[in-house]
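So the structure is just underneath, and the comments pick up after that.
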Amino acid sequence: MITKSDTSIIEDALTPLDLEARLVWLASRFAEMGAFSSSLGIEDQVISHILFSKALPLRVFTIDTGRLFEESQSLLSLTRERYGATIEVFTPNSDNLQNYLNAHGPNAFYQSVDLRLACCHIRKVEPLKRALQGSEAWITGLRGGQSANRAGIPVAQWDPDHSLVKVNPLFDWDELSIKEYVHTHNIPINRLHGKGFPSIGCAPCTRAVAPGDNPRAGRWWWENPNKKECGLHLHSGENFSA
Ligand code: SF4
Numbered sequence: 002m003i004t005k006s007d008t009s010i011i012e013d014a015l016t017p018l019d020l021e022a023r024l025v026w027l028a029s030r031f032a033e034m035g036a037f038s039s040s041l042g043i044e045d046q047v048i049s050h051i052l053f054s055k056a057l058p059l060r061v062f063t064i065d066t067g068r069l070f071e072e073s074q075s076l077l078s079l080t081r082e083r084y085g086a087t088i089e090v091f092t093p094n095s096d097n098l099q100n101y102l103n104a105h106g107p108n109a110f111y112q113s114v115d116l117r118l119a120c121c122h123i124r125k126v127e128p129l130k131r132a133l134q135g136s137e138a139w140i141t142g143l144r145g146g147q148s149a150n151r152a153g154i155p156v157a158q159w160d161p162d163h164s165l166v167k168v169n170p171l172f173d174w175d176e177l178s179i180k181e182y183v184h185t186h187n188i189p190i191n192r193l194h195g196k197g198f199p200s201i202g203c204a205p206c207t208r209a210v211a212p213g214d215n216p217r218a219g220r221w222w223w224e225n226p227n228k229k230e231c232g233l234h235l236h237s238g239e240n241f242s243a
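One point on numbering: in this note's numbering, the residue at position 231 of the sequence shown is 232, and numbering is uninterrupted.
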């Protein structure tokens with residue numbers, strides 16, 4: 002069973018490795034007990050490419066919130082076809098979603114932060130919890146340079162909410178390196194990245210940003226910039242996301 006004390010061992014093992022070697026190491030250490038959560042963003046597509054190309058035995062899953070862009074759905078289909086891969090899809094609990102919609106309406110997330118977080122909880126956080134059940138390692142595509150909230154994230158950290166080690170193998174990559182890797186390996190990415198969307202979430206809560214803007218400026222743009230997380234990467238007792 003994984004414990005918090007394993008975190009530093011994993012961190013020490015992964016830090017000196019390159020990305021491919023990090024994923025190979027994780028597959029060998031965790032195999033089916035490790036799960037990669039893909040939001041189909043450009044960073045996630047890099048990790049998926051390596052996992053699928055090398056047939057590494059780590060689970061890959063995504064969350065279909067029910068409010069995704071058509072472009073994101075198309076990319077999911079394209080990725081499945083390109084790699085012949087299994088990408089598990091988790092969806093919101095239908096009773097919870099129905100109750101929320103009946104109580105607050107379909108677009109209540111614009112009304113208050115609380116209603117927005119409640120929507121994110123039903124559509125993202127709870128499905129994530131189900132997806133990670135039984136896992137010892139949760140692999141993400143988070144990078145330190147994605148936002149102020151993510152600056153300084155480590156390659157591995159204990160996640161007390163899910164009782165597992167959260168691993169960020171791209172923690173030290175920059176945006177240019179990601180784009181070069183995608184270009185070199187002809188990796189399919191979301192068409193919206195070419196239309197001013199560096200960070201892509203649900204359609205009603207994401208808009209394009211101007212060149213040079215914070216990559217996550219288009220997410221929940223009507224809210225305080227310091228609170229722009231959906232709860233997936235917020236740990237209780239911590240004020241930064243990982
Ligand atoms: S991003 Fe918007 S639509 Fe998606 S779960 Fe959060 S509040 Fe709901």
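The beta-carbon is built from N, C-alpha and C at its ideal position, and this holds for glycine as well.
How many Å lie between residue i and residue j at the Cα?
i, j, result
"Val166", "Lys196", "35 Å"
"Pro170", "Leu20", "6 Å"
"Asn94", "Trp159", "27 Å"
"Ala22", "Phe53", "14 Å"
"Ala36", "Glu176", "24 Å"
"Leu143", "Asn108", "28 Å"
"Val210", "Leu76", "21 Å"
"Ile179", "Ser164", "30 Å"
"Arg192", "Thr80", "13 Å"
"Ser200", "Tyr111", "19 Å"
"Gly219", "His194", "12 Å"
Helix, strand or coil for residue i, going by three-state DSSP, please let me know.
i, result
"Gly145", "helix"
"Arg151", "helix"
"Lys180", "helix"
"Lys196", "helix"
"Lys130", "helix"
"Leu69", "strand"
"Asp96", "helix"
"Phe172", "coil"
Tell me, please, which residues DSSP counts as bridged to residue i.
i, result
"Lys167", "Trp139, Gln158"
"Ala36", "Arg60, Trp139"
"Phe91", "Ile64"
"Thr80", "In the DSSP output, where bridge partners are listed per residue, Thr80 has none listed."
"Thr207", "Arg220"
For residue i, which of the options has the nearest alpha-carbon?
i, options, result
"Arg68", "Asn225, Gly219, Cys203", "Cys203"
"Thr63", "Ala56, Arg30, Gln46", "Gln46"
"Asp214", "Pro205, Leu57, Cys206, Phe198", "Phe198"
What are the start and end residues of the alpha helix (DSSP H) that includes residue i?
i, result
"His50", "43-54"
"Arg30", "20-31"
"Leu233", "Where Leu233 is concerned, there is no enclosing alpha helix (DSSP H), given that its DSSP letter is neither H nor E."
Could one say the Cβ of residue i lies closer than 8 Å to chain D's Cβ atoms, at least one of them?
i, result
"Gln158", "Within the model displayed, chain D is absent; a lone protein chain is all it includes."
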